[in-house]
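Peer 1: My questions all concern the structure below.
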Amino acid sequence: MKILITGGAGFIGSHLAAYFINDNEVFILDNLSTGHRSNVDFIDDAHFIEEDVMHKSFVTELIKQKQFDIVIHLAAVVSVVETINNPINSQSINIDSTLNLLEANRQYNAKLKKFIFASSAAVYGNTDELPKQIETFIDPESPYAIEKYAGEQYAKLYNKLYDLPTTALRFFNVYGPRQDPSSPYSGVLSIMDKKFKNDEPFTFFGDGEQTRDFVYIKDLVQAVAIVIDNEASNGKIYNLATGTQISLLQIFEKFKLIYNKSISYQFAEPRSGDIKHSCAEIKGLEALGFKPKYDIVSGLTEYINYSKTDK
Ligand code: NAD
Ligand code: UD2
1 MKILITGGAG FIGSHLAAYF INDNEVFILD NLSTGHRSNV DFIDDAHFIE EDVMHKSFVT
61 ELIKQKQFDI VIHLAAVVSV VETINNPINS QSINIDSTLN LLEANRQYNA KLKKFIFASS
121 AAVYGNTDEL PKQIETFIDP ESPYAIEKYA GEQYAKLYNK LYDLPTTALR FFNVYGPRQD
181 PSSPYSGVLS IMDKKFKNDE PFTFFGDGEQ TRDFVYIKDL VQAVAIVIDN EASNGKIYNL
241 ATGTQISLLQ IFEKFKLIYN KSISYQFAEP RSGDIKHSCA EIKGLEALGF KPKYDIVSGL
301 TEYINYSKTD K
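Going letter by letter, the sequence shown gives residues 1 to 311 in UniProt numbering.
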C-alpha cells in the first residue's frame, strides 16, 4: 500500500514509518519544525517531502498525483503553550490543514482506504470523571484541545457526509525512543529519563501523586495497524492508551530499579491547569482486537535500554 505520514519525521511518525516501511511504500511530508530528518534516515529522499502541510495547493496536488491508500495525519503544533501564545497560527496548522487534507482526499483520491487523525486526551480537559470515555463530557482548556477536537470532528463528519474512511485516535501520554526531552513541556518520561541519564535532579510539579495513562510507542503502532485493517473503525473516535494509571512517584521508583541508581529530586508548585488524574477507557479499541503488550516496566525497560545506547 502507498502510505502518507504527515509529521512523519517526529517522535510518533518516525515509529509508524519504521513499522510500515517493511511491507509498504511510505512517504513522509514534514517541514522539520520539531521533527528531524535523522529520525527517518531509512526513508530515501524521493519519499521524504520537506514541505509545510499548510501549503494547500501543494498538498492537494500531492494527493491527486500519488493516490495514497492510507493517510496518517500527525503534523501539528504539538505544544499546548505554543497554541496559547499563538492561537491563530496553530489554528491554521491544526484545523485548516486537516480540513484541506480531508477535502483533497474527498475530491481527488478514490483509492483512499483510511485517513487517521491524531487527536489527544487534551480534549477531555480537567473533568473529574474517570476513566475517560469517548462519551465523557468534553472541556477543552487550550486552543490545542479545541483544535484537536475540531480535527477529529471533521474527520468523523467526512465519514458521515461523504463516506470517507476516517478514524480519529485520542492519544494519551505516549512515551518511547526519539521523544524529544528538550522542552520543559516535553513528555515527563523523556525528561525523567534525561535526568537519570545525566545524574541531574528531577522536579515534581506538585506532590508527584498525579497519575497518567502512559502508552508505549509500540502499542500505539499496534493500534494504528489494527485500525487501518478494520473497516468497522470508519467514522469512529477511539482512546489510544492502556487503561491503567500510575503516579509519577511510582514511575520514579521504576526508573530507580531499571537504572539501578537514584537521582535527587525536588517538589515545586503544580503547573497551572495541570490535570491530577488521567486514565482512559479503551473498550473501543479492545473490541477491534487491541491489547497493550507493554506494561510500564517492560515499556520503560525497552525505552531506557535504547536511550542508554543513544548519544
Ligand atoms: P513531534 O513534534 O515529534 O512530531 C510532529 C511532527 O510534525 C514533527 O516532525 C514536525 O516537524 C511536524 N510538523 C509540525 N508542523 C508542521 C507543518 N506545518 N507542516 C509539516 N510538518 C509539520 O510530536 P509527536 O509527539 O510525534 O506528535 C504527533 C501527533 O500526535 C501530533 O499531532 C500530536 O498533537 C499528537 N499527540 C501526541 C501525544 C504525545 O504524547 N506525544 C499525545 C497526544 C497527541
Ligand atoms: C499531556 C500532553 C499535553 C496535553 C495534555 C492534556 C504531552 C507531552 N503533553 O500533558 O500536550 O495534551 O496532556 O491533558 O503529551 N511533570 C513534572 N515534572 C516535569 C514535567 C512534567 O512533574 O519535569 C508533571 C506535569 O506537571 C504533569 C505530569 O508530569 O502533572 C505529566 O506531564 P506531561 O507534560 O508529560 O503530560 P500532561 O499529561 O500534563
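Glycine is no exception: its CB is placed at the ideal position from the N, C-alpha and C atoms.
#1: As a quick exercise: from Ala118, Asp139, Ser119, pick the residue whose alpha carbon is nearest that of Asp128.
#2: Count the C-beta pairs between the stretch 75 to 92 and the stretch 41 to 48 that are closer than 8 angstroms, then say yes if the count reaches three, no if not.
#3: How long is the line joining the alpha carbons of Asp96 and Leu157, rounded to whole angstroms?
#4: I'd like to confirm something about Gly187: is its beta-carbon nearer than 7 angstroms to some heavy atom of ligand 1, or not?
#5: Output yes or no for whether 8 angstroms exceeds the beta carbon distance between Ile72 and Val224.
#6: Under the DSSP definition of a beta bridge, which residues are partnered with Ala268?
#7: Which term fits Lys311, buried or exposed, when burial requires 16 or more other beta carbons within 10 angstroms of its beta carbon?
#8: I need the DSSP call for Lys218, collapsed to helix, strand or coil.
#9: Using C-beta distances below 7 angstroms, list every residue in its chain close to Ile84, excluding the 5 sequence neighbours before and after it, in chain order.
#10: Suppose contacts are defined by Cβ-Cβ distances below 8 angstroms. Is Leu112 in contact with Ile5 by that definition?
#11: Flag Arg212 as yes when its Cβ comes closer than 7 angstroms to any non-hydrogen atom of ligand 2, and as no otherwise.
#12: Going by DSSP in three states, Ser119 sits in which element: helix, strand or coil?
#13: Just checking my contact of Leu288 with Ile226 at CB under 8 angstroms: how many whole Å lie between their CB atoms?
#14: State the Cα-Cα distance for the pair Ser183 and Arg106, rounded to the nearest angstrom.
#15: Given this structure, state the Cα-to-Cα distance separating Ala168 from Glu25, to the nearest angstrom.
#16: For Tyr303, tell me which candidate among Gln67, Lys194, Val78, Asn109 has the shortest Cα-Cα distance.
#17: Would you mind working out which of Ile191, Glu281, Glu200 sits nearest Leu300, comparing C-alpha positions?
#18: Assuming Gln210 contacts Asp274 (C-beta within less than 8 angstroms), just tell me the rounded distance between them.
#19: Which one or two residues does DSSP pair with Lys114 in a beta bridge?
#20: Alpha carbon to alpha carbon, what distance is there between Ala76 and Asp56?
#21: Taking only runs that begin and end inside the stretch 57 to 107, name each unbroken beta strand (DSSP E) of 3 or more residues, in chain order.
#22: Does the distance between the C-beta of Asp199 and the nearest non-hydrogen atom of ligand 1 fall short of 7 angstroms?
#23: Which residues share a DSSP beta bridge with Thr6?
#24: Do you know whose CA, among Glu281, Lys291, Ile237, Asn305, lies nearest Ile258's CA?
#25: Is Arg271 close to ligand 2? I mean its beta-carbon at under 7 angstroms from any heavy atom of the ligand.
#26: Cα separation between Ser298 and Tyr124?
#27: Straight-line CA distance for His277 to Ile251?
#28: Do Ile70 and Ile228 have their CB atoms nearer than 8 angstroms?
#29: Please name the residue, chosen from Gly8, Asn39, Asp23, that lies closest to Glu51 on a Cα-to-Cα basis.
#30: When the distance is taken between beta carbons, is Ile63 closer than 8 angstroms to Tyr19?
#31: DSSP three-state label for Ser183, please.
Peer 2: In short, the structure shows the following:
#1: Asp139
#2: no
#3: 15 angstroms
#4: yes
#5: yes
#6: Phe205
#7: With a pLDDT of 47 at Lys311, under the threshold of 50, the modelled position of this residue cannot be trusted; read the value that follows with caution. Flag for Lys311 reads exposed.
#8: helix
#9: Ser142, Pro143
#10: no
#11: yes
#12: strand
#13: 5 angstroms
#14: 37 angstroms
#15: 22 angstroms
#16: Lys194
#17: Ile191
#18: 7 angstroms
#19: Ile70
#20: This sequence places Lys at residue 56; Asp is not what is there. Answer to the nearest angstrom: the Cα atoms are 15 angstroms apart.
#21: 70 to 73
#22: no
#23: Leu29, His73
#24: Asn305
#25: yes
#26: 28 angstroms
#27: 14 angstroms
#28: yes
#29: Gly8
#30: no
#31: coil
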